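Position one of the sequence shown corresponds to residue 237 (the working numbering), numbered consecutively onward.
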Amino acid sequence: MINRVGGSPRTPMSQPQAERLRLLASVSGGMSDTEVLRLGLQQAVAELGGMGGMAHFRRPVSLVLKLVVSSGLPHSFARAWAEVGPDEEVAPARAVREGRSAWVPVRNSSLIAPSLGTGMVAVPLSVSPGPLGALTVLTATPEAPTPEQCSFLEAVARWAVERLRTSADQRRPPPSRRPERRPDANFQSALKAVDVGSFEWNLRTRELCLDDRALAVFGIDADDHLERFEAWSSAVHAEDLPRVHAAAEESIRTGSLLSVEYRVIRPDGTFGWAEARGQVILDEDGEPLHMIGTVWDTTETRVDRDSIGRALRHMSDGFLATDASWRITFLNAEAERRLGSSRKLLGRLLWDAFSDAGVPDLHERYRQAAAEDTPIGFDVRWAADQRWSHMRLVPVPDGAMVYLTDVTERRALDAQRKAAEQSAAERSARIGELTLALSEAVTGRDVVAVVADRVMQPFGATGLTVTVTEGDKMSAVGAVGYPQEFLDAVPALSLSGKEPVPETLHERAPVFIPSAEAYIERYPSLAHMPALGDKQAWAFLPMVASGRAIGVTVVSFSQPHHFTDEERTLLTAVSGLMGQALARARLYDTEHSRAQELQRGLLPRELPPLPAVTAAACYLPAGEGIEVGGDWYDIIPLSADRVALVIGDVMGHGVSEAATMGRLRTAVDTLADLDLPPDELLTHLNDLVSNLGDDFYATCLYAVYDPSTATCAFASAGHPPPAVVHPDGTVHFPRTAPNAPLGTAVLPFETVELDLPDGSLLALYTDGLVESPARDIDHGMDQLAQALTNALGATPHRSRNGTRSGAQDTERLAGLCDAVAAALVPAQQLTSDDAALLIARTHTLAPGDVASWSLPEDPQAAGQAREHIRSQLTAWDLDELTMTTELLGSELVGNVVRHAKGPIRLRLLRSRALTCEVSDGSVTTPRIRHASDTDEGGRGLQLVAALAHRWGTRYTTTGKCIWTEQPLPVTADT
């Protein structure tokens, strides 16, 4: 187990601790790093009463902690701590990794002998941007260090870091931004001629300075240079980085010369090679301190110097080279354009680079070519632009070469034949009648019925099919005169198939086939179709509307039939009329579908399951026309398990009214989130509708149900009152003062409060359900009450033991909605108005799930609030939430004591979430503000917002209530 220990910066120190720090501060300069660390350890061990201490420095590359000083410890013990991995669960590594002190009990560390101590406490030697290492003390007591001792140990670490920094500054000249070498003039000229840069690397702080020529090697602008080892590492190719790090680590460990060549990925995405050489500089104690060296660009010597390489890079075809392990080592400009930049592809497997080409078994093909030592070639298609390339792979002794040649033009398909001109045909009397009948057809099935009635008999036809285009397929609109077995056997047709219907559609010319023999000769792959459909002759007629082929009509005959010129002309004319009629019918179907989709999109997809209510709803569109209506409903969860139920009706029908309905629903959802009472919410909604203009009116009823008090408050703007069904089955409508619709309402709105026993039903509806030209609203409301009574029947609408599940109750309420709607608006009755019905069953909170207390108006209130919260959450078995809830409650109570006025009341509610409320007598609005660094307050609500899942404010008749919500812990039961 790792324990976090530590003291606050304000933790007072004892007199001996202060004297020890003064002793350290009085030590004069000139000490080596080892002497500084050993002196600090001696004071730390003495103060903590420990057995001994250690100091570790972090290696610059591997980040392994290396032991540099030990004090008071046996050599055999210290040797076991010579190196500590950065991810080990021991005190030094944990302190460096987390940047704070760490305590490790002895029982959890096999590296500490029981005879030498009982644990370890370590603190980091902190510098920017990361720790240099750690100071560790081996304690002699079984208890964790006290905060005062930890504060002292951290102070010793800060002293040691400062002395180390001062010692480093005294040993070398002030650091410059980049190292400057000052060799003789001839050597300077030589460096400039070969474009060699230099670098200086601080192995302890990991600062890496590059001069201008070195920056140019990496393609880094001087203003963008970050003097960090990590910034340089990001420029090294990912596959070369482990090898480069290993070489640097070996040079630092052994003091040998660093010499390594690696690939460089420049910021602009280009790729190059660089070679670096460096020498380690040791400090006075013989420990690695710096590395200085040179770096230069070797790209030209590896690739571009070779004329063949330049030719390959700029050739018109793509070219790639791989090594023996199939990893890409080179690709030219054309290959980069096709596959991506070399930064992404160099070092990747060849078949991974072609993953977007969609070539099956590419991996196996390559390996087969290598095994047989034979070039292979095949075509691939690129998903990005659908162009084709011929890929040729040639094995070579140390890898392979791949050539890419664009062959799109060679593979291009011949242009499709132009559609033949349709011959003009004379219109007959039958065509005139057909034209009139088709003009009255509304749907696609109406069009098929008209053609079957007026075309088949005059021509002696026995079959008719109509198909239309749907994307890249064709679907059937209707068929007459065919057995069901034939229709089931005909799949959806492709637009590109070699079949009569797609062929007719593409060529926009009728095809007349007089016999089954001619059909089989023309379409041999469909030889089974004549017998399956029991037909012997066919006329395939394209349907064209607005210059676009939309489908094909097939008129078929049971006997072979010779088509005369007149029949051909008339059937071609029929197909033209059908195309126009079917286009109008499809437009009607499309608009009708869009209207239904719009209506569904504006209404809730599903009602949320809430503890306070179980609800179901239904919507009945108007029976006349296709325009959408403005009826809507919603259920909105509020704070403290309260629920808002809302229903409304925008007067009129159409897209504009539907859009207004959507705006009102959104506005109600937004205003409800502010926890406004019903009358105030309708006031804001009335202003919104008034600003829409004189042509917009809407009715609305907004209700808020509180399960903790079993009360419901609602306000109405021109909307019929809700129907209330008590648990005994009685139905009544609360009396409300009449008011005009939104947009013309007279303020203020009246709020009506109802007591709803547990299990009551609340039915909200629009006037379309209870009012029609043949029925006034009073009679309709009586019918609604009777329908609710009949639907509920003699069976109580809630089980006596209350064990009915939420899903069962929701399903039963949905059935109740359907039954009531069917009774008031029968399916065969066409109505001129849409209707909506929302039924909700209310549930009360159990008394044991609510607890409240009065608090005094003094600073002691926060402490009392914490005590109440702690005891209540313990009783509710919610100990996991105790600390957070205590903090939230005390913060809210403290704000009331400081900024508001009483009376103060604390309330806890346990439901699907834990709600903590603090009420006061003030109406001031709490706001989160940005506190400056010197402000002593102003961060309370920031803390509340960070700890609570949700929080907010609502106003009451006596003041306001600030509430927070936290999700309940997940248990095996939930």
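All C-beta atoms in this analysis are idealised placements derived from N, C-alpha and C, irrespective of residue type, glycine included.
Model, not experiment: these values are computed from the prediction.
Taking a cut-off of 8 Å on C-beta distances, the segment 521-539 does not touch the segment 322-340, as fewer than three cross pairs fall below it.
Ala393 and Arg442 have their C-alpha atoms roughly 20 Å apart.
Across the set Leu834, Ala852, Pro993 and Thr382, the C-alpha of Pro993 shows the shortest separation from the C-alpha of Thr1080. Shown here, Trp395 sits in a helix according to DSSP, grouped into three states. The beta-carbon distance between Glu1093 and Val1056, rounded to whole angstroms, is 52 Å. This is too long to meet the 8 Å contact definition.
Note on the segment 351-391: whole beta strand (DSSP E) runs with a minimum of 3 residues are 355-361 and 369-375, in chain order. Residue environment: Ile501 is assigned as buried (16 or more neighbouring CB atoms within 10 Å of its CB, all protein chains considered).
Across the set Pro974, Val1129, Pro857 and Pro913, the C-alpha of Pro857 shows the shortest separation from the C-alpha of Gly1004. The C-alpha of Arg1102 lies about 8 Å from the C-alpha of Leu1123. When the alpha-carbon of Gly369 is set against those of Arg294, Asp1085, Gln385 and Arg401, the nearest one is in Arg294. By alpha-carbon distance to Ala571, the top candidate from Met637, Val988 and Ile612 is Met637.
Counting C-beta pairs with one atom in each stretch, the segment 1199-1208 and the segment 1113-1130 have three or more that are closer than 8 Å, which means they touch.
A direct Cα-to-Cα measurement between Ile1013 and Ala1027 gives close to 20 Å.
Judged by beta-carbon spacing, Ala291 lies beyond the 9 Å limit of Arg315, meaning their Cβ atoms are not closer than that value. Within the model, the alpha-carbon separation for Phe969 versus Pro957 is close to 6 Å.
In the assembly as shown, Glu600 is an exposed residue. Its beta-carbon has fewer than 16 other beta-carbons within 10 Å. Contact check for Trp317 against Arg449 fails: the beta carbons are separated by 9 Å or more. For a cut-off of 8 Å, the C-beta gap from Met356 to Thr372 is around 6 Å, short enough to register as a contact. The Cβ-Cβ distance between Glu466 and Cys445 does not fall below 9 Å. With respect to the C-alpha of Gly289, the residue from Leu299, Val297 and Leu303 having the closest C-alpha is Leu303.
Here Asp553 carries a coil assignment [DSSP, helix/strand/coil]. Taking Gly696 as the centre and dropping the five residues before and after it, the same chain places no C-beta closer than 6 Å to its C-beta. In this structure Gly286 touches Thr375 by the C-beta definition: roughly 5 Å separates them, less than 8 Å.
DSSP places Gly812 within a helical segment (H, G or I) once states are collapsed to three. Looking at the DSSP output, His526 sits in a beta bridge with Asn438 and Ile517. Setting aside the 5 residues that flank it on each side, Leu259 is surrounded in the same chain by Gln279, each with a C-beta closer than 8 Å to its C-beta; the list follows chain order.
DSSP places Ser470 in the uninterrupted alpha helix (DSSP H) bounded by Phe465 to Ala471. For Tyr602, the secondary structure class from DSSP, reduced to helix, strand or coil, is helix. Sequence-distant Cβ neighbours of Val300 in its own chain, meaning closer than 8 Å and more than five residues away, are Arg294, Glu319, Val320, Gly321 and Pro322. Residues Pro736, Val737, Thr740, Pro746, Val747, Val788 and Val790 of the same chain have their beta carbon placed closer than 7 Å to that of Phe776, with the five preceding and five following residues left out of the count. A direct Cα-to-Cα measurement between Val713 and Thr698 gives close to 18 Å. Taking a contact as a CB-CB distance under 8 Å, the pair Val882 and Tyr938 counts as one, their CB atoms being some 5 Å apart.
Residue range Gly635 to Asp642 is occupied by the beta strand (DSSP E) that includes Gly635. Rounded to the nearest angstrom, the gap between the Cα atoms of Val702 and Val684 is 7 Å.
With a cutoff of 9 Å on beta-carbon distance, Leu910 and Gly1195 are scored as not near each other.
In this structure Pro381 does not touch Trp437 by the C-beta definition: roughly 37 Å separates them, more than the 8 Å allowed.
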